[in-house]
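So the protein sequences, as listed, match chains A and B.
Last residue of the first sequence: 1115 (the working numbering), numbering continuous.
Last residue of the second sequence: 318 (the working numbering), numbering continuous.
No residue lacks a Cβ here, since even glycine has one placed at the ideal position from N, Cα and C.
As the structure is a computational prediction, the values presented were derived from the model and not from experiment.
Down below is the structure, laid out as structure tokens.
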Amino acid sequence: MTAMRAGRGTAGDALLSVHALEVEFRTSAGPVRAVNGISFDIAAGETIGLVGESGSGKSVTSRAIMGLLPPKTSTILGSVTLNGDELVGLPEKTYRKIRGERVAMVFQDPLTALNPLYKAGEQVAEALRFHFGVSRSEASARTRDLFADVGLPDPDGVVEKYPHELSGGMRQRVLIAMALACEPQLLIADEPTTALDVTIQAQILELLRDLVRDRGMALLLITHDLGVVRELCERAIVLYAGRIAEVAPVESLFAAPYHPYTAGLAASNPQIASRRARLPQIPGGPPNPASVPPGCPFSPRCPAALDRCREEVPPLVASADGRLAACHRTAELAAGTLSLDWEVPS
Amino acid sequence: MSAEELPRVTFTRPGRVGRLASSPLARNRASIIGLLILVPLLVMVFFPFLLAGDPNAQNLSQSLQPPSPEHILGTDKLGRDVWARIVYGARPTLLGAFVVVLISGVIGIPLGLLAGYRGGKTEAGIMRVLDALLAFPALLLAILVVATFGRGLGTVVVALGVIYVPAMARLVRSVTLVHARLAYVDAGRALGYSDRRIMLRHILPNLVAAVVVQSTIDLAYAILDIAALSFLGLGQQPPDPDWGSMLADARSYLLQAPWPALSAGFAIMLAVISVNLVGDGLRAQLDPRERER
């Protein structure tokens, strides 16, 4: 990866462009800002990882893109454009045409993401018939092709199976087939492998990689699993408390993090960190979105926090190499003059 | 209800009869018993003339006769054949109860579905109205309606139908709430399906099991409530027979001639039991997860 595409690309080549996205929920305890000014672009055919802990805003971001947030209790500000078409504020009826046909989504829990009362084939065929109005036989023929494409063994048999007769991995393949049915330009995968066991995870990741390559589709992968990101993505966006902490190509992100949070994540991940007897941990937990601390939201947990960090929110700035990070001490981190001392549990 | 404790019947060549016989509805011994009771009851409802003569034919010289070959369940105070009255009384009681459940379903299911799926103000509005209805004792409300619109089986059935709406709507709402949170609803929305399509095509079929169970319970209660209202003289009007008014009539000479009261009471009991047993088997049959077990 020589070309740096870390920053906001030009609007022309972006398939999806998210700009200054803010999502606020009205709750009984007052407004909660779950996403606080997120901007990023995805080019056609690109695979991007959206990484963060629970509550970091990654799922809310994906739902905002899909237009799936409850309109009564949430407010979306900013802009989301798909091929230049603005999606924020689109009437529900127009949005429905975009969902499925241009953007599709694969969900975390393959157990409940299929309707238990319909056969696997029926559910995929329904999507085809709904969007393209094709005949029943045409839809079932295409369903079989899709099942073969997603690597389901015995597609003709699986078509006739109810969800409870399929294994977790097979269900996830059916769901991927369902999402691919209308050949979307962008696939959002929300923790697609979290509910699966490790060997199946690897298979599903490989399948996603092949599909993205063969179909020229863009993939926005939402995950908390850095190993998955490293496996699959070209670029990663690290979210913390509803803000972008860092954006970087995956290899350099883990090799030389520009944000202490990313550094902490990498250091505490057994797949990425160098072998050590004990892995360090990031102390504390993510802030409650209803009361994010002033200044840098990561400052209470950051081993390198200065007084300035606790007062002034660091802006997301581009370094000389094009990577983005929101930290007052990025320059020191990049130069290697700042070492972070993480707590190591004994 | 687990399949393990039931004897397994194996068929060498499962044809249509074999498949039917190995479905859980048939494998479940309790629901077979329910069906065995239900079939004669249905014959009584639809073809009473096959089983008995005129239920209103009086013969005062034959008043309060004990069971005999001529009158297998004896006669009542006016010398009418109790068996014939049981047979002809099945239609108002059972069909009436069925219509009660039908009305409650037709109104209650859409209301519950809408309340559970939409939430917010829609839900609050629907549920408050239903709660108000629920606050009245069912029979009292039915009596009030009958007092307003006049007695007769039709009024009683409509009144009970409306009174049964809140129970059905509450149940449908609670099951809808569960399903609306499941990922398949989100997945449907992510595929661009409309709310209407998700409600009718995806959530509604998942409610069937719960609705069938609730309906059989309601059906049993409706039989009892119709009988109770007839007992009070508000439902079926004399001389036409129905099980509730038979009980009421027989009460005054219960000690001299218990057979009319016992017959009517036993008929009500059998109907309620069979409906419950069949409903249980039906629920299992409608769920693909149980069907293939």
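{"Item": "Rounded to whole angstroms, what is the Cα-Cα separation between I248/B and R802/A?", "Value": "55 angstroms"}
{"Item": "Please return the same chain residues whose Cβ sits closer than 8 angstroms to the Cβ of V997/A, not counting the five positions on each side in sequence.", "Value": "G818, T962, Q970, L974, L990"}
{"Item": "With burial defined as no fewer than 16 other Cβ atoms inside 10 Å of the residue's Cβ, what is the status of G821/A: buried or exposed?", "Value": "buried"}
{"Item": "Which class does M874/A belong to by DSSP, given the choice of helix, strand or coil?", "Value": "strand"}
{"Item": "Could you tell me the alpha carbon to alpha carbon distance between C1096/A and L1102/A, rounded to whole angstroms?", "Value": "10 angstroms"}
{"Item": "For D925/A and chain B, any beta-carbon pair shorter than 8 angstroms?", "Value": "no"}
{"Item": "Chain A beta carbons: is any one of them nearer than 8 angstroms to that of R308/B?", "Value": "no"}
{"Item": "Would you list the residues sitting across from G818/A in a DSSP beta bridge?", "Value": "L990/A, A1005/A"}
{"Item": "Give me the Cβ distance between G99/B and A282/B, rounded to the nearest whole Å; I'm assuming they're in contact under 8 angstroms.", "Value": "7 angstroms"}
{"Item": "Enumerate in chain order the residues of its own chain whose CB-to-CB distance from A163/B is below 7 angstroms, with the five nearest sequence positions on each side excluded.", "Value": "I188, D250"}
{"Item": "With distance defined between alpha-carbon atoms, name the residue in M874/A, F809/A, T1031/A, R795/A nearest to A789/A.", "Value": "F809/A"}
{"Item": "In whole angstroms, what separates the C-alpha of K866/A from that of V238/B?", "Value": "38 angstroms"}
{"Item": "Please confirm whether N884/A has its beta-carbon closer than 8 angstroms to some beta-carbon of chain B.", "Value": "yes"}
{"Item": "Kindly indicate which three-state DSSP category R1012/A falls into: helix, strand or coil?", "Value": "strand"}
{"Item": "Measure the Cβ-Cβ separation of V849/A and V787/A and say whether it is below 8 angstroms.", "Value": "yes"}
{"Item": "At the level of alpha carbons, what is the spacing between E1112/A and H1028/A?", "Value": "17 angstroms"}
{"Item": "What is the rounded straight-line gap between the Cα of P230/B and the Cα of P135/B?", "Value": "13 angstroms"}
{"Item": "Give the C-beta separation of L837/A and R214/B to the nearest angstrom, bearing in mind that I take them to be a contact with Cβ-Cβ under 8 angstroms.", "Value": "6 angstroms"}
{"Item": "Whole angstroms is fine: what's the gap from L756/A's alpha carbon to P1056/A's?", "Value": "Since the first residue shown for chain A is 770 and the last is 1115, residue 756/A is missing from the structure and cannot be characterised."}
{"Item": "Should the segment 107-115 of chain B be regarded as contacting the segment 163-181 of chain B, the criterion being three or more beta carbon pairs within less than 8 angstroms?", "Value": "no"}
{"Item": "Say whether chain A places a C-beta atom closer than 8 angstroms to the C-beta of L202/B.", "Value": "no"}
{"Item": "Using a Cβ cut-off of 9 angstroms, which residues of the segment 886-900 of chain A contact any Cβ in chain B, in chain order?", "Value": "L886, Y887, K888, Q892, E895, A896, F899, H900"}
{"Item": "Are there 16 or more other CB atoms within 10 angstroms of the CB of F74/B, so buried, or fewer, so exposed?", "Value": "exposed"}
{"Item": "According to DSSP, simplified to helix, strand and coil, what is P313/B?", "Value": "helix"}
{"Item": "Using three-state DSSP, classify R868/A as helix, strand or coil.", "Value": "helix"}
{"Item": "Closer than 8 angstroms, CB to CB, is S129/B near chain A or not?", "Value": "no"}
{"Item": "Does A873/A come within less than 8 angstroms of chain B when only Cβ atoms are used?", "Value": "yes"}
{"Item": "Got a sec: which bits of the segment 130-160 of chain B sit with their beta carbon under 7 angstroms from any beta carbon on chain A, in order along the chain?", "Value": "G145"}
{"Item": "If you follow the beta strand (DSSP E) that S848/A is in, where does it begin and where does it stop?", "Value": "843-851"}
{"Item": "What residues match up with D106/B in a beta bridge as DSSP calls it?", "Value": "T100/B"}
{"Item": "For A958/A, which residues does DSSP report across the bridge?", "Value": "V875/A, L990/A"}
{"Item": "What is the DSSP secondary structure of Q1050/A, counted as helix, strand or coil?", "Value": "strand"}
{"Item": "Among the candidates P1058/A, A1036/A, P1018/A, A1042/A, whose CA atom is the shortest distance from the CA of P1052/A?", "Value": "A1036/A"}
{"Item": "Expressed to the nearest angstrom, what Euclidean distance is found between the alpha-carbon atoms of L988/A and P1058/A?", "Value": "27 angstroms"}
{"Item": "Where does V171/B fall in DSSP's three states?", "Value": "helix"}
{"Item": "Taking 7 angstroms as the cut-off, is the C-beta of V182/B nearer than that to any heavy atom in the ligand ATP?", "Value": "Looking at this structure, you won't find the ligand ATP or any other ligand, since it has none at all."}
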